[in-house]
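Visitor: Take a look at this one; I'll ask things after.
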Amino acid sequence: MKKLIAAAVATSVSAIALADVSITGNANYEYFAKEDTTGFKSNYGDTEINLSVKGKSGDTTVVADFEVTNHGSTASTTANSLDIENTYITTKIGDINVKAGNYSSGTTALGGEIDQGGRATDKVDLNTKVGNATIGYAVSSDSNAVYNTDGAAVYASMPIAGINFAVKEQSDSYTLMGASGEMGGVKFRVEQKDNDSSATGDVLFYALDAKFGDINLQYAAIDADVAGSGATSDPVTEGDSSIFAQEMATDADSKGKADVDGVWQIAASTVVDGTTITAKVGELTGAAGNQDAGFSRIEAKRALAGGTTLTVSYDDYETTSVATGATMTDTQLLEIDLSVKF
Numbered sequence: 024m025k026k027l028i029a030a031a032v033a034t035s036v037s038a039i040a041l042a043d044v045s046i047t048g049n050a051n052y053e054y055f056a057k058e059d060t061t062g063f064k065s066n067y068g069d070t071e072i073n074l075s076v077k078g079k080s081g082d083t084t085v086v087a088d089f090e091v092t093n094h095g096s097t098a099s100t101t102a103n104s105l106d107i108e109n110t111y112i113t114t115k116i117g118d119i120n121v122k123a124g125n126y127s128s129g130t131t132a133l134g135g136e137i138d139q140g141g142r143a144t145d146k147v148d149l150n151t152k153v154g155n156a157t158i159g160y161a162v163s164s165d166s167n168a169v170y171n172t173d174g175a176a177v178y179a180s181m182p183i184a185g186i187n188f189a190v191k192e193q194s195d196s197y198t199l200m201g202a203s204g205e206m207g208g209v210k211f212r213v214e215q216k217d218n219d220s221s222a223t224g225d226v227l228f229y230a231l232d233a234k235f236g237d238i239n240l241q242y243a244a245i246d247a248d249v250a251g252s253g254a255t256s257d258p259v260t261e262g263d264s265s266i267f268a269q270e271m272a273t274d275a276d277s278k279g280k281a282d283v284d285g286v287w288q289i290a291a292s293t294v295v296d297g298t299t300i301t302a303k304v305g306e307l308t309g310a311a312g313n314q315d316a317g318f319s320r321i322e323a324k325r326a327l328a329g330g331t332t333l334t335v336s337y338d339d340y341e342t343t344s345v346a347t348g349a350t351m352t353d354t355q356l357l358e359i360d361l362s363v364k365f
């Protein structure tokens with residue numbers, strides 16, 4: 024009997040190996056304590072588990088990402104959900120790389136700090152190498168897609184003397200240009216989006232990073248010609264920045280802000296006895312007739328035993344869309360985050 028069981032287990036393991044299927048993920052629990060100058064107070068927690076299932080056969084990979092959440096916006100209300108997020112296939116057809124399905128692009132992609140890389144049910148990306156250059160074509164015909172990065176677009180990128188230059192063009196919509204690299208020990212990333220519609224205006228994003236001893240310094244900013252009004256066609260739609268402590272997103276997203284036309288931030292970080300300490304201070308610039316809204320964040324991040332990471336942050340920020348001369352509302356937010364990858 025033991026031999027039969029061992030044989031069955033060996034067969035199962037062999038089948039899994041041949042199928043080349045992997046499951047990875049991460050999970051985190053967040054606790055929030057919020058208070059503002061109007062007297063409002065709230066305490067709540069969020070739990071999120073992400074699973075990524077990948078199957079591979081030759082040059083073809085199939086990906087399905089799942090998100091299980093339990094969000095509490097106040098101490099008495101919660102929202103449980105199971106969301107099927109990215110579902111896509113990557114493969115090769117000759118020298119052409121193909122990515123097709125439902126997926127989002129990250130904030131490090133060209134224009135990623137300006138446009139939200141929205142998911143759509145029928146996105147297709149085709150690209151290939153021509154010498155050192157990468158050229159591609161991306162399209163989404165999903166009628167429900169509202170993000171500026173959707174629709175048919177052509178793009179190209181190429182490194183020149185250690186600097187990567189990139190351009191993306193969507194006919195009758197926008198031209199996006201960017202450059203990133205390092206010069207004289209200073210890392211930089213600059214991107215300019217020229218919108219064809221004057222009602223949307225142009226947007227400039229840039230970030231400069233330098234290291235002085237054990238301290239990393241960064242200056243980053245976004246400057247938009249037009250202030251947001253809460254519409255999906257607003258100039259800045261990215262609401263989950265990987266850089267800024269306060270979102271500038273001016274669209275109708277839950278993190279969106281109207282009457283804002285820019286943001287700047289100075290950040291400094293260092294490691295003290297295994298703990299990464301990061302401080303950020305900046306300002307959301309209000310459009311004409313509105314006050315600027317200052318913000319700051321202090322964060323400590325440390326790896327713990329058992330593969331978990333503890334992050335504690337404290338934010339202090341002013342409310343946007345406050346008319347000149349009116350009273351500002353100031354909010355303090357304490358966040359404790361316990362996360363693990365597997």
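In short: position in the sequence shown from 1, add 23, done, that's my numbering. Even glycine gets a Cβ: it sits at the ideal position worked out from N, Cα and C. These numbers were taken from a predicted model, which means no experiment stands behind them.
Counting only the same chain and skipping the five closest in sequence on each side, list residues whose C-beta sits under 8 Å from that of E251.
Guide: Locating residue 251 in the sequence shown gives position 228, where the first residue counts as 1. Reading off the sequence shown, one finds Gly at residue 251, where the question assumed Glu. Within the same chain, G251 has close Cβ partners D257, P258, V259, A272, T273, D274, G279, K280, A281, D282, V283 and D284.
Visitor: Between the Cα of A176 and the Cα atoms of D195, P182, I183 and G185, which residue gives the shortest distance?
Guide: Looking up residue 176 in the sequence shown gives position 153. That would be D195, whose Cα lies nearest to the Cα of A176.
Visitor: What span of residues does the beta strand (DSSP E) with M206 cover, start to end?
Guide: Counting from 1 along the sequence shown, the entry for residue 206 is found at position 183. Element bounds for M206: Y197 to M206.
Visitor: Ordered along the chain, which non-local residues of its own chain (more than five positions away) have a Cβ less than 8 Å from that of D237?
Guide: Numbered from 1 along the sequence shown, position 214 holds the residue referred to as residue 237. Excluding residues within five positions, the ones whose Cβ falls inside 8 Å are T293 and V294.
Visitor: Where does the unbroken beta strand (DSSP E) through N73 begin, and where does it stop?
Guide: The residue given as residue 73 occupies position 50 in the sequence shown. Start and end: K64 to S80.
Visitor: Can you tell me whether I266 is buried or exposed, with buried defined as 16 or more other CB within 10 angstroms of its CB?
Guide: For the purposes of this step, residue 266 is taken as the residue at position 243 of the sequence shown. Under this definition I266 is a buried residue.
Visitor: Please list the terminal residues of the continuous beta strand (DSSP E) segment that includes L333.
Guide: Within the sequence shown, residue 333 is the residue found at index 310, counting from 1. From DSSP, the beta strand (DSSP E) with L333 extends over T331 to E341.
Visitor: Kindly indicate the opening and closing residues of the beta strand (DSSP E) around L149.
Guide: As a first step, residue 149 is located in the sequence shown; it is residue number 126 there, counting from the start. K146 to V153 is the span of the beta strand (DSSP E), which, as asked, contains L149.
Visitor: Per DSSP, what kind of secondary structure is D43 in: helix, strand or coil?
Guide: On the sequence shown, residue 43 is found 20 positions in, with the first residue counted as 1. D43: coil per DSSP, three-state reduction.
Visitor: For the candidate residues I289, Q215 and T92, whose alpha-carbon lies nearest to that of V190?
Guide: By one-based count along the sequence shown, residue 190 stands at place 167. Selected option, being the one with the closest Cα: Q215.
Visitor: Once you ignore the five residues that flank A13 on each side, which residues in its own chain have a CB closer than 6 Å to its CB?
Guide: The structure shown has nothing for residue 13, since the chain only spans 24 to 365.
Visitor: Indicate the three-state DSSP secondary structure (helix, strand or coil) for A310 in the structure shown.
Guide: Numbered from 1 along the sequence shown, position 287 holds the residue referred to as residue 310. In the structure shown, A310 sits in coil (DSSP, three-state: anything other than H, G, I, E or B).
Visitor: Can you check DSSP and say which residues form a bridge with R212?
Guide: As a first step, residue 212 is located in the sequence shown; it is residue number 189 there, counting from the start. According to DSSP, which records beta bridges pairwise, R212 is partnered with S203 and A230.
Visitor: Check each candidate in I289, K152, V147 and K64 and name the one with the smallest Cα separation from S127.
Guide: The sequence position of residue 127 within the sequence shown is 104, counting from 1. Among I289, K152, V147 and K64, the Cα nearest to that of S127 belongs to V147.
Visitor: Using CA coordinates, which residue listed in T131, Y160, V162 and T70 is at the minimum distance from S203?
Guide: Your numbering for residue 203 matches position 180 in the sequence shown. When each option's Cα is compared against that of S203, the closest is T131.
Visitor: In the structure shown, what three-state DSSP assignment does A254 receive?
Guide: Position 231 of the sequence shown, counted from the first residue, corresponds to residue 254. In the structure shown, A254 sits in coil (DSSP, three-state: anything other than H, G, I, E or B).
Visitor: Taking only the alpha-carbon atoms, compute the straight-line gap between V226 and A328 and give it to the nearest angstrom.
Guide: Working through the sequence shown from its first residue, we reach residue 226 at position 203. Working through the sequence shown from its first residue, we reach residue 328 at position 305. Rounded to whole angstroms, V226 to A328 spans 44 Å at the Cα level.
Visitor: By Cβ distance, which residues of its chain are closer than 8 Å to G297, with the 5 residues on each side in sequence left out?
Guide: Numbered from 1 along the sequence shown, position 274 holds the residue referred to as residue 297. For G297, where only same-chain residues beyond five positions count, the Cβ hits under 8 Å are R325 and A326.
Visitor: Could you pull the DSSP bridge partners for S180 from this structure?
Guide: Position 157 of the sequence shown, counting from 1, holds the residue named residue 180. Looking at the DSSP assignment, S180 forms a beta bridge with T157 and A189.
Visitor: What number of angstroms, rounded off, separates the C-alpha of K79 from the C-alpha of S180?
Guide: Counted from its first residue, the sequence shown places residue 79 at position 56. Counted from its first residue, the sequence shown places residue 180 at position 157. Rounded to the nearest angstrom, the two C-alpha atoms are 28 Å apart.
Visitor: Between the Cα of Y178 and those of G185, A184 and V153, spot the shortest distance and give me the residue it belongs to.
Guide: The residue given as residue 178 occupies position 155 in the sequence shown. Ranking G185, A184 and V153 by Cα distance to Y178 puts V153 first.
Visitor: Between the alpha carbons of G330 and F89, how many angstroms are there, rounded?
Guide: Here residue 330 is taken as the residue at index 307 of the sequence shown, counted from 1. Here residue 89 is taken as the residue at index 66 of the sequence shown, counted from 1. Computed Cα separation, rounded: 22 Å.
Visitor: Can you list, in chain order, the residues of its chain whose CB lies under 7 Å from that of T350, leaving out five sequence neighbours each side?
Guide: To locate residue 350, count along the sequence shown from 1; it is residue 327. Answer for T350: no residue qualifies.
Visitor: Leaving out the 5 sequence neighbours to the left and right, which residues in its chain are closer than 6 Å to N120 when beta-carbon positions are compared?
Guide: Numbered from 1 along the sequence shown, position 97 holds the residue referred to as residue 120. So the list reads N150, once near-sequence residues are dropped.
Visitor: From which residue to which residue does the beta strand (DSSP E) around Q288 run?
Guide: Against the sequence shown, residue 288 aligns to sequence position 265. V283 to V295 is the span of the beta strand (DSSP E), which, as asked, contains Q288.
Visitor: Between which two residues does the beta strand (DSSP E) harbouring I266 extend?
Guide: Working through the sequence shown from its first residue, we reach residue 266 at position 243. No beta strand (DSSP E) holds I266; DSSP gives it neither H nor E.
Visitor: Where D360 and G68 are concerned, what is the direct C-alpha to C-alpha distance, given to the nearest angstrom?
Guide: The residue you call residue 360 lines up with position 337 of the sequence shown. The residue you call residue 68 lines up with position 45 of the sequence shown. The straight-line gap from Cα to Cα measures roughly 10 Å.
Visitor: State the Cα-Cα distance for the pair L199 and S336, rounded to the nearest angstrom.
Guide: Taking the sequence shown and counting its residues from 1, the one referred to as residue 199 is at position 176. Taking the sequence shown and counting its residues from 1, the one referred to as residue 336 is at position 313. When rounded, the distance between both Cα atoms is 34 Å.
Visitor: Taking the straight line between their C-alpha atoms, what separation do you get for A123 and G117?
Guide: For the purposes of this step, residue 123 is taken as the residue at position 100 of the sequence shown. For the purposes of this step, residue 117 is taken as the residue at position 94 of the sequence shown. If I take the Cα positions, the gap works out to 16 Å.
Visitor: Whole angstroms are fine: how far does the CA of E358 sit from the CA of A323?
Guide: Position 300 of the sequence shown, counted from the start, is the residue given in the question as residue 323. Position 335 of the sequence shown, counted from the start, is the residue given in the question as residue 358. Answer to the nearest angstrom: the Cα atoms are 11 Å apart.
Visitor: Are there 16 or more other CB atoms within 10 angstroms of the CB of T343, so buried, or fewer, so exposed?
Guide: Reading the sequence shown from its first residue, position 320 is the one you call residue 343. Its Cβ being crowded by 16 or more others within 10 Å, T343 is buried.
Visitor: Beta-carbon within less than 7 Å of S264's beta-carbon, same chain only, minus the 5 sequence neighbours each way: which residues are those?
Guide: As a position in the sequence shown, residue 264 is number 241, starting the count at 1. Hits under 7 Å: T130, E136 and E270.
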